[in-house]
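Participant: Numbering (the numbering used here), first residue to last: 1461 to 1792. Just so you know, even glycine gets a beta-carbon here, dropped at the ideal spot from N, CA and C.
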Amino acid sequence: MTGDETFLVIVVKAVVVIFVLISAFAYTLLWERKLIGRFQARYGPNRTGLHGYMQPLADVVKLIFKEDFVPRGANRFLFHLAPMISVFAAVAAVAVIPFGTTLNAFGEEIPLVGADLNVGVLFLFALSGIGFYGLILGGWASGNKYSLLGSARTAAQLVSYEVAMGLSIVGVIMLAQSLSLVDIVNAQRDTVWYILFQPLGFLIFLVAAVAETNRAPFDLPEAESELVAGYHTEYGGLKFAMFFLAEYVNMIIISALGATLFLGGFAGPVLPGVVWLAIKIAVLLFLFIWLRATLPRLRYDQLMQFGWKVLLPLATLNLLITAVIIGVGFQN
1461 MTGDETFLVI
1471 VVKAVVVIFV
1481 LISAFAYTLL
1491 WERKLIGRFQ
1501 ARYGPNRTGL
1511 HGYMQPLADV
1521 VKLIFKEDFV
1531 PRGANRFLFH
1541 LAPMISVFAA
1551 VAAVAVIPFG
1561 TTLNAFGEEI
1571 PLVGADLNVG
1581 VLFLFALSGI
1591 GFYGLILGGW
1601 ASGNKYSLLG
1611 SARTAAQLVS
1621 YEVAMGLSIV
1631 GVIMLAQSLS
1641 LVDIVNAQRD
1651 TVWYILFQPL
1661 GFLIFLVAAV
1671 AETNRAPFDL
1681 PEAESELVAG
1691 YHTEYGGLKF
1701 AMFFLAEYVN
1711 MIIISALGAT
1721 LFLGGFAGPV
1731 LPGVVWLAIK
1741 IAVLLFLFIW
1751 LRATLPRLRY
1761 DQLMQFGWKV
1771 LLPLATLNLL
1781 ITAVIIGVGF
1791 QN
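(1) Please classify P1571: does DSSP put it in a helix, a strand, or coil?
(2) On the premise that M1711 lies in contact with V1547, defined as a C-beta separation below 8 Å, what is that separation, rounded to the nearest angstrom?
(3) Going by beta-carbon coordinates alone, are L1809 and A1719 separated by less than 8 Å?
(4) Hey, how far is the Cα of E1682 from the Cα of N1535?
(5) Return the chain-ordered list of same chain residues with a C-beta closer than 7 Å to the C-beta of L1587, the five sequence neighbours on each side being excluded.
(6) List the DSSP bridge partners of N1564.
(7) Consult DSSP for Y1513 and reduce its assignment to one of helix, strand or coil.
(8) Counting C-beta neighbours from all protein chains within 10 Å, is the total for K1769 16 or more, i.e. buried, or is it exposed?
(9) Starting from the Cα of A1758, find the closest Cα among V1520, E1686, S1607, T1776 and give me that residue.
(10) Excluding the five sequence neighbours on either side, which residues of its own chain have a C-beta within less than 8 Å of the C-beta of I1741, listed in chain order?
(11) Report the CB separation of Q1648 from G1725 in whole angstroms; it is logged as a contact under 8 Å.
(12) Enumerate in chain order the residues of its own chain whose CB-to-CB distance from V1497 is below 6 Å, with the five nearest sequence positions on each side excluded.
(13) Drop a sphere of 10 angstroms on the beta-carbon of L1490, count the other beta-carbons inside from all chains shown, and report buried for 16 or more, exposed for fewer.
(14) Just to confirm, is the Cβ distance from G1446 to E1527 under 8 Å?
(15) Out of S1611, V1784, F1657, A1669, point me to the one whose CA is closest to Y1691's CA.
(16) If you drop the 5 nearest sequence neighbours on each side, which residues of the same chain put their C-beta closer than 8 Å to that of A1474?
(17) Measure from the alpha carbon of I1545 to the alpha carbon of each residue in L1744, F1700, V1734, V1784, then state which is nearest.
(18) Within 10 Å of its beta-carbon, does N1778 have 16 or more other beta-carbons around it, so buried, or fewer, so exposed?
(19) So what's F1548 in DSSP terms, helix, strand or just coil?
(20) Which two residues bound the contiguous alpha helix (DSSP H) that contains K1699?
(21) Would you mind reading off the limits of the alpha helix (DSSP H) that contains V1469?
(22) First and last residue of the alpha helix (DSSP H) that includes I1655?
(23) Helix or strand or just coil, what does DSSP make of S1638?
(24) Is G1626 helix, strand or coil by DSSP?
(25) Is the separation between the beta-carbon of P1531 and that of S1602 shorter than 8 Å?
(26) Hey, is the region 1621 to 1637 in contact with the region 1556 to 1564, meaning 3+ C-beta pairs nearer than 8 Å?
(27) Check T1782 in the structure and name its three-state DSSP category.
(28) Please state whether the Cβ-Cβ distance between V1645 and A1727 is less than 8 Å.
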C-alpha cells in the first residue's frame, strides 16, 4: 500500500465514521422522542416522512433558518468557539473505540479502529475534560447570569463525578493489564465479560456516565426550571445545534466505552463485531432514555452529596476489593 493509498484509507474511514456518528445522533434523538412519548402515553414524532423518520432532517432545516445572534456584552470569539470545542472533543473520541477486528476491502485488511492507543482510556478521559471547556466557556462568554450559573454547575459536576468514574474503571484496567481498549476487548474474549467481575464498578460507571453527559436526573447545568436553559441559554440556530450534537454524541461514545469496558465490546458469536457493539450501545442508550422518562431532577445539594458521599466511597471500596483479589490470585 502506497503512502497516498494509506492517506486515502484514513480519509475514507474518517468520513464514514463521522457520517455514521452524525446519523446515529439524529436517530438517537428521534428514538428518544418516540420512546418518551410511549412512556408518557402520547405520540412521538409521526408526521414528517414514514412514521416520522424524516423528523431529524426537518429539525436540521429549521435550525439552519433560525436567527444566529450574539448577545450584547458577550465575548464574541469565545462565544463562537465554545460549541466547536464541544463538538470536536465528542467526535474525536470515536477514534479509539474499536468496532471490530479488521475489514477486507479492495484486497486490503482495514482495522476497524481509528487508533489503537496504548493509553486509549486516558485519551478518552482527556477529551472528556476538553469537551467540558466548551460548556464552561459557552456559559461564561454569553454574558448571562443564568448561563454563568449553568457553566459553574458544569464544572462542579465534572469534578464530582469524573473522579468516581475514573475509579470505577480501574478494576477493569487491573483485570486486563492494559489501557488499550482493543486489549481490554481481547481480554474479555479470552475470559468473560468484565461486568461479571465488576458489577459494582459497572453500576458506578453507569450512574457517573449519566451525570457526565448532563442527562436527567443529573441535568442541573441546563435545568430549565431555574436556569432557563443553563449554559446554552443565549445560543440559537446552528450553534445551539452543535451543543445538542455534542451532548448526544457524548451519550453514544460513553455507551460505546461502557460496552467496551464491561460488556465485551465487539465480541460476540455469529454476528459481525460492528453489529454486536451497536446492539450493546443501543441497550445502554435505552437506559439513558428510560432514566430521563422516569426519574425527577435532583436538587443541587443532593447531586453533590451523592457524588462525594455515595459514589466515591463505593468506587474506592470496589477498587480495594479488586486489588486484594487480584493480588491474592497472583500470589497463588
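Facilitator: Well, looking at it:
(1) The sequence position of residue 1571 within the sequence shown is 111, counting from 1. In this structure, P1571 counts as strand in the three-state DSSP scheme.
(2) By one-based count along the sequence shown, residue 1547 stands at place 87. By one-based count along the sequence shown, residue 1711 stands at place 251. So it is not a contact: roughly 14 Å between Cβ atoms.
(3) For the chain, the structure presents residues 1461 to 1792; residue 1809 sits outside this window and is missing.
(4) One-based indexing of the sequence shown puts residue 1682 at position 222. One-based indexing of the sequence shown puts residue 1535 at position 75. Cα-Cα distance, rounded: 20 Å.
(5) Stepping through the sequence shown from its first residue, residue 1587 is reached at position 127. Excluding residues within five positions, the ones whose Cβ falls inside 7 Å are A1549, A1552, A1553.
(6) As a working mapping, residue 1564 is identified with position 104 in the sequence shown. BP columns for N1564 point to E1569.
(7) One-based indexing of the sequence shown puts residue 1513 at position 53. The answer is coil: DSSP assigns Y1513 none of H, G, I, E or B.
(8) Stepping through the sequence shown from its first residue, residue 1769 is reached at position 309. Burial is judged here by how many other beta carbons sit within 10 angstroms of a residue's own beta carbon; K1769 has fewer than 16 and is exposed.
(9) Counted from its first residue, the sequence shown places residue 1758 at position 298. The displayed chain sequence assigns Leu, not Ala, to residue 1758. Minimum Cα distance to L1758 is reached at E1686.
(10) By one-based count along the sequence shown, residue 1741 stands at place 281. By the criterion of a C-beta distance shorter than 8 Å, I1741 is surrounded in its chain by I1712, S1715, A1716, A1719, once the five residues flanking it on both sides are discounted.
(11) In the sequence shown, the residue the question calls residue 1648 occupies position 188. In the sequence shown, the residue the question calls residue 1725 occupies position 265. Confirmed, Cβ separation roughly 7 Å.
(12) For the purposes of this step, residue 1497 is identified with residue 37 of the sequence shown, where counting begins at 1. The displayed chain sequence assigns Gly, not Val, to residue 1497. So the list reads Y1503, G1504, once near-sequence residues are dropped.
(13) As a working note, residue 1490 is residue 30 in the sequence shown. Answer is buried; the Cβ neighbour count reaches 16.
(14) This structure cannot settle anything about residue 1446, because the visible part of the chain is limited to 1461 through 1792.
(15) Walking along the sequence shown from the start, residue 1691 turns up at place 231. Considering only alpha carbons, the answer is S1611.
(16) Within the sequence shown, the letter at position 14 stands for residue 1474. The residues are G1574.
(17) As a first step, residue 1545 must be located in the sequence shown, where it is residue number 85. Checked all of L1744, F1700, V1734, V1784; the closest Cα to I1545 is F1700.
(18) As a first step, residue 1778 is located in the sequence shown; it is residue number 318 there, counting from the start. Around the beta-carbon of N1778, 16 or more other beta-carbon atoms lie within 10 Å, marking it buried.
(19) As a position in the sequence shown, residue 1548 is number 88, starting the count at 1. Here F1548 sits in helix by DSSP.
(20) What you label residue 1699 is simply residue 239 of the sequence shown in a count that begins at 1. K1699 -> alpha helix (DSSP H) spans 1697 to 1722.
(21) As a working note, residue 1469 is residue 9 in the sequence shown. Run containing V1469: 1463 to 1499, per the alpha helix (DSSP H) assignment.
(22) For this step, residue 1655 is matched to residue 195 along the sequence shown. From DSSP, I1655 is part of no alpha helix (DSSP H); its letter is neither H nor E.
(23) What you label residue 1638 is simply residue 178 of the sequence shown in a count that begins at 1. S1638 falls in the coil class under three-state DSSP.
(24) Within the sequence shown, numbered from 1, the residue matching residue 1626 stands at position 166. Here G1626 carries a helix assignment [DSSP, helix/strand/coil].
(25) As a first step, residue 1531 must be located in the sequence shown, where it is residue number 71. As a first step, residue 1602 must be located in the sequence shown, where it is residue number 142. In this structure, S1602 lies closer than 8 Å to P1531 by Cβ.
(26) These segments do not touch.
(27) Here residue 1782 corresponds to residue number 322 of the sequence shown, with the count starting at 1. T1782: helix per DSSP, three-state reduction.
(28) Your numbering for residue 1645 matches position 185 in the sequence shown. Your numbering for residue 1727 matches position 267 in the sequence shown. Yes, the pair counts as a contact, with Cβ atoms nearer than the cut-off.
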